[in-house]
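**Q** One structure, pasted below without further comment.
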Amino acid sequence: MKKKKIFLAVGIIVMAVLSVIIGFAIYHKINVPYEYYVNEDGTVTLDKYLGEEANVVIPETIYGREVKVIDVICFYDNQTLETVTIPDTVEIIESRAFGSCYSLETVYGGANVREIESHAFSGCRMLSAYPWSDELESIGDYAFLATGLTEIILPSEVRTIGNLAFANCFQLVKIEIPEGVEEIGRGIFDGVENIPELIGYASSDYLIVGQGILINYPDDEEIVVIPEGVKQVASCCHDGEQLKELYIPEGVTRINKFVVLSVHGVTIYIPSTATEIGKDADGYIANSMEESTLVVVEGSYGEEYAEKMNDLYGTKYIVVDKIEYPEAD
């Protein structure tokens, strides 16, 4: 009888201790030093770094649970951080996780990171290199804005690159964008000079990357006819005042942005295949107001878009049965 009571008492004590440990591990400050929480699948998301070390090695596990996510603003605005080692267990670096860490110079590890979300490293001006994971699939808006990166050599699995992802990276000397990229946001290299040369194109070429994404076209011609095969017009680096007509070919489905800065009175031919015209295209039209003209195909999304621009900004538009394209030189 006494043995049963002893076993029962021990069992109660063990259960009590375990309940305290489990409850303590759901969300709390620990001596690693982080605040963290346990995800539904039993993995860990690091919520906040509480230390002051210059060189941080993020643990692979906490109480036996794998660290999978570095959460929003986990290290944000940490002015003592100089190096960080990301364990191979981490798959997601969330928004502003390392944003504005002005002293951050080096990132190690992170071999299985799949997503780098918006502003994740923005403002890390001392960060000259990043260890791109072979598993990386998406790079969010402003992810590396105004960093000190000198090379961007993206792995083959990358499919999407967000708005202004690498804008104002003034130290860049080399860029490689893989063929598998399907979507590029606006202005990914805004503020960076000589983009065609950095990617390996002559400055006069049409710069097409990934899955038919146009990011640059000639800046010294009055009439620009974008080549067939383009599927998306992204951030065209064009500020030449010569431009008078811009022909976007059939087959293009998405138009992100018309960067024809300081150019007014341009006639833009929008194909019947266009189904999405980004807000930044709206911004261009707003700036040009009545000085620009849209030529659109009857019954297309382009016609709907042109009507909206006319209502909002007084933009002129012409509806045609079919767009006639000039012959390529």
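Using the working numbering, you'd call the opening residue of the sequence shown number 5 and step up by one each time.
Just so it is clear, CB atoms sit at the ideal spot from N, CA and C, and this is done for glycine as well.
If we call anything under 9 Å between Cβ atoms a contact, is residue 271 one with residue 257?
**A** The Cβ atoms of residue 271 and residue 257 do not sit closer than 9 Å to each other.
**Q** How is the alpha helix (DSSP H) around residue 220 delimited, first residue to last?
**A** Here residue 220 belongs to no alpha helix (DSSP H); instead the beta strand (DSSP E) covers 217-220.
**Q** When the Cα of residue 327 is compared with those of 150, 321, 114 and 300, which residue comes out closest?
**A** 300
**Q** Going by DSSP, name the residue or residues bridged to residue 258.
**A** 236 and 280
**Q** Would you kindly report the start and end of the unbroken alpha helix (DSSP H) that includes residue 315?
**A** 305-317
**Q** Could you check which residue in 315, 101, 306 and 247 has the C-alpha nearest to that of residue 324?
**A** Taking the Cα of residue 324 as reference, the smallest distance to any Cα among 315, 101, 306 and 247 is reached at 306.
**Q** Out of 211, 159 and 47, which one is the CA nearest neighbour of residue 219?
**A** 211
**Q** Could you pull the start and end residues of the alpha helix (DSSP H) that residue 302 belongs to?
**A** Taken as a continuous stretch (DSSP letters only), residue 302 belongs to no alpha helix (DSSP H), as it is neither H nor E.
**Q** Consult DSSP for residue 295 and reduce its assignment to one of helix, strand or coil.
**A** In the structure shown, residue 295 sits in a helix (DSSP, three-state: H, G or I).
**Q** Can you tell me whether residue 65 is buried or exposed, with buried defined as 16 or more other CB within 10 angstroms of its CB?
**A** Under a 10 Å Cβ-count criterion, residue 65 is classified as exposed, with fewer than 16 other Cβ atoms of the shown protein chains found around its own Cβ.
**Q** I believe residue 296 touches residue 276 by the beta-carbon criterion, under 8 Å. Please report the beta-carbon distance rounded to the nearest angstrom.
**A** In fact, because the Cβ distance is near 20 Å, the residues do not count as touching under 8 Å.
**Q** Could you give the distance in angstroms between the alpha-carbon of residue 319 and the alpha-carbon of residue 281?
**A** 15 Å
**Q** Just how far apart, CA to CA, sit residue 227 and residue 193?
**A** One C-alpha to the other measures close to 24 Å.
**Q** Three or more C-beta pairs under 8 Å: does that hold for the stretch 60-79 against the stretch 35-44?
**A** yes
**Q** Is DSSP giving residue 180 helix, strand or coil here?
**A** strand
**Q** Mind reading off the beta-carbon distance from residue 131 to residue 117? Whole number of angstroms is fine, and I expect it under 8 Å.
**A** The pair is not a contact, with the Cβ atoms about 15 Å apart (cut-off 8 Å).
**Q** Three-state secondary structure (DSSP) at residue 33?
**A** Confidence at residue 33 is low in this model, with a pLDDT of 47, below 50, so its placement is unreliable and the value that follows should be read with caution. Of the three classes helix, strand and coil, the one that applies to residue 33 here is strand, per DSSP.
**Q** Identify the continuous beta strand (DSSP E) that holds residue 250 and give its terminal residues.
**A** 249-251
**Q** Going by beta-carbon coordinates alone, are residue 145 and residue 160 separated by less than 9 Å?
**A** no
**Q** Check residue 199 in the structure and name its three-state DSSP category.
**A** helix
**Q** Which residue wins for smallest C-alpha separation from residue 72, given the options 83, 90 and 313?
**A** For residue 72, the closest C-alpha among the options 83, 90 and 313 is that of 90.
**Q** How would you label residue 331, buried or exposed, when you count the other beta carbons within 10 angstroms and need 16 or more for buried?
**A** exposed
**Q** To test your reading of the DSSP string, which unbroken beta strand (DSSP E) runs of 3 or more residues are found completely within the stretch 110-146?
**A** Entirely contained in the stretch 110-146, the beta strand (DSSP E) runs reaching 3 residues are, in chain order, 110-113.
**Q** Would you decide whether residue 174 is buried or exposed? Buried here means 16 or more other CB atoms lie within 10 Å of its CB.
**A** exposed
**Q** Tell me which same chain residues have a C-beta within less than 7 Å of the C-beta of residue 129, skipping the five on either side of it?
**A** 106, 150, 151 and 152
**Q** Within its chain, find whatever has a CB closer than 6 Å to the CB of residue 98; leave out the 5 residues flanking it on each side and keep chain order.
**A** 75, 76 and 121
**Q** Whole angstroms are fine: how far does the CA of residue 238 sit from the CA of residue 248?
**A** Residue 248 and residue 238: Cα-Cα distance of roughly 19 Å.
**Q** Please report how far the alpha carbon of residue 344 lies from the alpha carbon of residue 82, in whole angstroms.
**A** Past the edges of the chain, shown from 5 to 333, lies residue 344, and the structure says nothing about it.
**Q** Would residue 47 and residue 87 qualify as a contact pair, given that the criterion is a beta-carbon distance under 9 Å?
**A** no
**Q** Assuming residue 190 contacts residue 167 under a Cβ cut-off of 8 Å, what Cβ separation, rounded to an integer in Å, is found between them?
**A** 5 Å
**Q** Starting from residue 229, follow the beta strand (DSSP E) in both directions and report where the run begins and ends.
**A** Secondary structure note for residue 229: its beta strand (DSSP E) is the uninterrupted segment 227-229.
**Q** Please report the residue range of the beta strand (DSSP E) in which residue 154 lies.
**A** Taken as a continuous stretch (DSSP letters only), residue 154 belongs to no beta strand (DSSP E), as it is neither H nor E.
**Q** Do you know offhand how far residue 222's Cα is from residue 43's?
**A** 50 Å
**Q** Quick check on residue 327: does DSSP put it in helix, strand or coil?
**A** coil
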